[in-house]
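In terms of the working numbering, the sequence shown opens at residue 51 and continues consecutively. Quick reminder that beta carbons are idealized off the backbone N, C-alpha and C, glycines included. Since the model is a prediction, treat every value here as computed from it, not as a measurement.
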Amino acid sequence: MFLFVMNAALFFTTCFVLYVFVYFFIPFVHFAVMFLAVTGSIILWLIINKAWEGTTKNRMKMGALGSSFYMIMAALFVCRLVRLKPSYPGDDPFMAAVGLMFAIIVVTVAFITCFVITGFAMRKNQTNKV
């Protein structure tokens, strides 16, 4: 549950920071924010992976539960995409559909990455003695 809450906190913090930066006319700042968000998420997942002390079965449960936040977000974006309608007569919702499809791709990749990093143990480097 901790991983689920941390993923949600990172996601909504990033959304809030991007929302705030919309009001500033600083070019390319959203790229820096997204780079920091991805880096922060991967570092958090690696820390959780290293700190895990439990069975492999429970590790898989933790990875599935923690990364399920992103699957829920993907389902919400799919629902919004399916129910997308023009705001007014003559409106073309194409750009909104493109944005939602990118959002679906991003959260699906985040789901897979989070699940793989937190759900599977990292192999330790073993030196082969000859």
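Where does residue i land, buried or exposed, given buried means 16+ other C-beta within 10 angstroms?
i                : result
methionine 123   : buried
phenylalanine 62 : exposed
leucine 86       : exposed
What number of angstroms, rounded off, separates the C-alpha of residue i from the C-alpha of residue j?
i                 : j                 : result
methionine 121    : leucine 115       : 10 Å
alanine 59        : proline 139       : 37 Å
tyrosine 69       : valine 83         : 11 Å
phenylalanine 75  : cysteine 65       : 17 Å
valine 67         : phenylalanine 119 : 20 Å
phenylalanine 98  : proline 77        : A small fix is needed here, since residue 98 is isoleucine in this sequence, not phenylalanine. Rounded to the nearest angstrom, the two C-alpha atoms are 34 Å apart.
phenylalanine 161 : asparagine 57     : 10 Å
valine 128        : valine 159        : 15 Å
asparagine 108    : leucine 131       : 34 Å
methionine 110    : leucine 94        : 17 Å
leucine 96        : methionine 51     : 17 Å
methionine 72     : lysine 100        : It is valine, not methionine, that sits at residue 72 in the sequence shown. The straight-line gap from Cα to Cα measures roughly 36 Å.
phenylalanine 152 : valine 55         : 23 Å
aspartate 141     : isoleucine 155    : 25 Å
Start and end of the alpha helix (DSSP H) containing residue i?
i              : result
tyrosine 69    : 52-71
lysine 135     : Where lysine 135 is concerned, there is no enclosing alpha helix (DSSP H), given that its DSSP letter is neither H nor E.
isoleucine 155 : 144-169
glycine 90     : 79-101
Check each candidate in the options and name the one with the smallest Cα separation from residue i.
i                 : options                        : result
phenylalanine 165 : Leu126, Ala125, Pro77, Ile92   : Ile92
leucine 53        : Thr106, Ala87, Met112, Asp142  : Met112
threonine 163     : Gly104, Thr89, Phe81, Asp142   : Thr89
methionine 167    : Ser117, Val132, Arg130, Ile155 : Note that residue 167 is isoleucine in the sequence shown, not methionine. Ranking the options by Cα distance to isoleucine 167, first place goes to Ser117.
proline 136       : Leu94, Val157, Met145          : Met145
valine 157        : Val132, Asp142, Leu126         : Leu126
glycine 169       : Val55, Ile154, Trp102          : Trp102
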